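Scroll down for the structure; my scribbles are underneath it.
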Amino acid sequence: MKSIKLIITVLALTSLVITGCRKEQNEPIKDSQSVLPTNFKVDIPDAISHESAGGGKTTGTDTLGGNQIYGHLANFIAVGEGAAEIVQHIMIAIAVYDLDQAMTFSYQSDDDNRTKDVEIVENVSFEGVNYGYRLTIWDAASTSNPDGGYAMQVFWNNSPVEGVALIKLYNLDRTGHQNAPDAMIRVDYTQSSSLGYDEHMIVYIADLPVASPLTDLYAVDNMKMFAGRTGTTVDVFGNSNHPNAKFFNDSVGYNWAFVAAGRQDLDIGVAEVGIPLSNTNSTDRQVLLVDNSIQQVFSDQIHDTWPGIDSATVAGYLYNTEAPGYFDQGGFVQAGTSPSSNYSSLDTRLPNMTPYNPLDVKNLSINFQ
Numbered sequence: 477m478k479s480i481k482l483i484i485t486v487l488a489l490t491s492l493v494i495t496g497c498r499k500e501q502n503e504p505i506k507d508s509q510s511v512l513p514t515n516f517k518v519d520i521p522d523a524i525s526h527e528s529a530g531g532g533k534t535t536g537t538d539t540l541g542g543n544q545i546y547g548h549l550a551n552f553i554a555v556g557e558g559a560a561e562i563v564q565h566i567m568i569a570i571a572v573y574d575l576d577q578a579m580t581f582s583y584q585s586d587d588d589n590r591t592k593d594v595e596i597v598e599n600v601s602f603e604g605v606n607y608g609y610r611l612t613i614w615d616a617a618s619t620s621n622p623d624g625g626y627a628m629q630v631f632w633n634n635s636p637v638e639g640v641a642l643i644k645l646y647n648l649d650r651t652g653h654q655n656a657p658d659a660m661i662r663v664d665y666t667q668s669s670s671l672g673y674d675e676h677m678i679v680y681i682a683d684l685p686v687a688s689p690l691t692d693l694y695a696v697d698n699m700k701m702f703a704g705r706t707g708t709t710v711d712v713f714g715n716s717n718h719p720n721a722k723f724f725n726d727s728v729g730y731n732w733a734f735v736a737a738g739r740q741d742l743d744i745g746v747a748e749v750g751i752p753l754s755n756t757n758s759t760d761r762q763v764l765l766v767d768n769s770i771q772q773v774f775s776d777q778i779h780d781t782w783p784g785i786d787s788a789t790v791a792g793y794l795y796n797t798e799a800p801g802y803f804d805q806g807g808f809v810q811a812g813t814s815p816s817s818n819y820s821s822l823d824t825r826l827p828n829m830t831p832y833n834p835l836d837v838k839n840l841s842i843n844f845q
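With positions in the sequence shown counted from 1, the corresponding number in my numbering is that position plus 476.
Structure follows, in structure tokens:
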């Protein structure tokens with residue numbers, strides 16, 4: 477969990493970096509009537525993204541609580557949403573500081589006191605898609621390094637609003653991110669969703685530093701998350717990779733795979749979670765979320781580790797692991813059975829979602845153009 481808390485802090489700080497990119501520090505901030513998009517993320521209901529989503533009830537001292545089961549899910553979604561928040565701040569800053577045309581300039585970062593070079597070009601393509609603009613920021617003294625000194629690239633179109641943002645934290649701020657020299661973030665966003673949503677985004681985070689398992693057993697190195705909104709309903713699914721994670725036996729390296737849906741208007745959510753091994757090579761929903769559900773994996777490992785254990789005791793301990801889990805504005809409510817008919821529209825959405833291939837997330841890499 478420490479790496480999750482670290483990246484949340486990093487994301488909050490990084491959103492301020494672009495504000496140092498004004499062409500002239502004494503130039504007044506203009507009233508932003510730019511054609512640039514200022515919305516570049518999908519808002520996710522607090523019921524499944526807020527820290528409280530991991531809270532909740534237990535049935536006694538010998539029952540695994542909702543906080544222990546779903547706490548990481550809430551953190552994971554919050555980190556993905558936080559990464560997208562950075563990109564939204566970037567797009568707003570580009571508009572506010574009048575960076576919506578081809579230009580080049582340099583500035584000295586207020587964070588690490590290093591010179592950053594900026595280039596904005598028009599009419600570019602990335603991964604086979606044409607974009608109206610591309611903004612690139614480099615750490616000026618690092619352009620001869622293997623990574624080219626790249627700190628940020630943003631590709632975007634205004635009609636429809638869509639784009640891709642790539643960020644290397646270390647090259648944005650050497651002082652604040654010296655312990656994460658390889659960490660990368662990517663956010664894809666569109667308001668012209670080919671998947672039937674009003675808008676959707678995909679958030680990737682790769683190469684986070686992994687602490688010793690003695691310090692943080694469940695540290696995350698890579699993550700990938702999808703969020704799509706239709707009206708007030710948001711679908712979210714994805715995976716995080718935990719290379720040192722282990723539970724009740726000697727198996728090491730797990731992938732946290734999940735699907736979830738929430739309603740903004742009611743601030744409720746429902747989620748289903750699986751924990752396949754990191755090297756699982758499958759996109760089969762049955763494999764990822766049923767055969768490797770938390771309840772199934774924990775039950776199998778507990779019985780394998782303590783063959784004589786009473787089954788009723790195990791079932792009681794795993795009471796809150798029955799899928800799916802239900803949430804409201806106060807956090808985890810209960811597992812397995814819907815608390816009310818308000819959740820009916822969300823229950824029907826989960827079977828249509830599948831997490832990503834765990835092996836692909838384990839091997840995830842992010843590269844600049």
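Ideal placement from N, C-alpha and C gives every residue a C-beta, glycine not left out.
Since this is a predicted model, take the numbers as computed values, not measurements.
For residue i, which residues from the same chain have a beta carbon less than 6 angstroms from its beta carbon, with the 5 sequence-adjacent residues on both sides left out?
i	result
residue 717	697, 698, 731, 754, 837, 838
residue 641	563, 630, 663
residue 554	525
residue 674	705, 706
residue 608	633
residue 678	664, 702
residue 778	724, 790
Are there 16 or more other CB atoms within 10 angstroms of the CB of residue i, so buried, or fewer, so exposed?
i	result
residue 832	buried
residue 783	exposed
residue 597	exposed
residue 647	buried
residue 627	buried
residue 579	exposed
residue 671	exposed
residue 521	buried
When the Cα of residue i is compared with those of the options, which residue comes out closest?
i	options	result
residue 830	562, 809, 750	750
residue 624	729, 639, 644, 633	644
residue 738	659, 569, 710, 748	710
residue 748	771, 727, 689, 756	771
residue 548	762, 715, 609	715
residue 764	843, 791, 567, 733	733
residue 618	649, 611, 639, 604	649
residue 669	694, 821, 636, 583	636
May I ask which residues mark the beginning and end of the alpha helix (DSSP H) holding residue i?
i	result
residue 793	787–793
residue 694	From DSSP, residue 694 is part of no alpha helix (DSSP H); its letter is neither H nor E.
residue 582	First-last for residue 582: 579–584, but that is the beta strand (DSSP E), not the alpha helix (DSSP H).
residue 781	770–781
residue 908	Outside the displayed range of the chain (477 to 845) lies residue 908, so it cannot be described from this structure.
residue 820	820–823
residue 601	Segment 591–602 is the beta strand (DSSP E) holding residue 601; no alpha helix (DSSP H) there.
Leaving aside the five residues before and after residue i along the sequence, list all residues of the same chain whose C-beta is less than 8 angstroms from its C-beta, in chain order.
i	result
residue 819	744, 746, 802
Take residue i and list the residues in its own chain whose beta-carbon comes closer than 7 angstroms to its own, dropping the five residues that flank it on each side.
i	result
residue 823	746, 814
residue 757	833, 835
residue 826	735, 737, 746, 748, 800
residue 840	680, 682, 698, 700
residue 780	725
What whole-angstrom Cβ distance do residue i and residue j have, given they're in contact under 8 angstroms?
i	j	result
residue 686	residue 657	Contact flag wrong, Cβ pair sits at about 13 angstroms.
residue 588	residue 616	Contact doesn't hold; Cβ gap of about 12 angstroms is too wide.
Just to confirm the assignment, what range does the beta strand (DSSP E) spanning residue i have?
i	result
residue 666	660–666
residue 764	No beta strand (DSSP E) holds residue 764; DSSP gives it neither H nor E.
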